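Down below is the structure, laid out as structure tokens.
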Amino acid sequence: MSELQTLKCYLNQLPATILQLLDVSPPLGTIPEPVQQVLDLYQGIERVSVNLIDNFGLFEISFMKPQFMISNSEVMLLLSTKNPYTLGVLHQLMYGG
Numbered sequence: 010m011s012e013l014q015t016l017k018c019y020l021n022q023l024p025a026t027i028l029q030l031l032d033v034s035p036p037l038g039t040i041p042e043p044v045q046q047v048l049d050l051y052q053g054i055e056r057v058s059v060n061l062i063d064n065f066g067l068f069e070i071s072f073m074k075p076q077f078m079i080s081n082s083e084v085m086l087l088l089s090t091k092n093p094y095t096l097g098v099l100h101q102l103m104y105g106g
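For the sequence shown, the numbering used here assigns the number 10 to the initial residue and increments by one for each residue that follows.
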């Protein structure tokens, strides 16, 4: 199995990235711009799977390598945020800020 490509980005860029991947134009000036590196990798996709993993979960996945989680994964985004608490993370995922 090849190594999973890892990209760094900001958490609040994820909503626009997912919208753009699904051919839906994100609202301009309302949420941050999408992650261009991800958009360059994929065109014409029909679904996006998001696996939200904390630091301990990342260790478990790296150590155990569960086939169901990583067999079809192609890119991992390392998301940077100023508010690492669950509620803040979920709010940024859904609303872009």
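By construction, the Cβ of each residue, glycine as well, lies at the ideal position given by its N, Cα and C atoms.
It should be emphasised that the depicted structure is a prediction, and the values quoted were computed from it without experimental measurement.
With residue i as the anchor, note down where its beta strand (DSSP E) starts and where it stops.
i	result
Val-84	84–89
Out of curiosity, what's the CA-to-CA distance linking residue i and residue j?
i	j	result
Gln-101	Gln-46	20 Å
Met-10	Leu-88	A caution first: Met-10 carries a pLDDT of 45, below 50, which makes its placement in the model too unreliable to give a value.
Gln-76	Glu-12	14 Å
Asp-63	Met-73	15 Å
Pro-93	Asp-32	29 Å
If I measure Cβ to Cβ from residue i and keep anything under 8 Å in the same chain, skipping five residues before and after, which residues do I get?
i	result
Gln-29	Pro-35, Pro-43 and Leu-48
Met-103	Pro-24
Thr-39	Gly-105
Given a cut-off of 7 Å on the beta-carbon distance, is the pair residue i and residue j in contact?
i	j	result
Gln-14	Val-84	yes
Thr-90	Leu-20	yes
Tell me which same chain residues have a C-beta within less than 6 Å of the C-beta of residue i, skipping the five on either side of it?
i	result
Cys-18	Val-44 and Leu-86
In this structure, how does DSSP classify residue i when only helix, strand and coil are distinguished?
i	result
Thr-95	helix
Leu-16	strand
Gly-105	coil
Gly-66	helix
What residue range does the alpha helix (DSSP H) around residue i cover?
i	result
Gln-29	23–30
Val-47	45–50
By Cβ distance below 7 Å, which residues in the same chain neighbour residue i in space, the five residues on each side in sequence not counted?
i	result
Ser-82	Leu-13
Is residue i close to chain B, meaning its C-beta is less than 7 Å from at least one C-beta of that chain?
i	result
Phe-72	Looking at the structure shown, chain B is missing, and only one protein chain is on hand.
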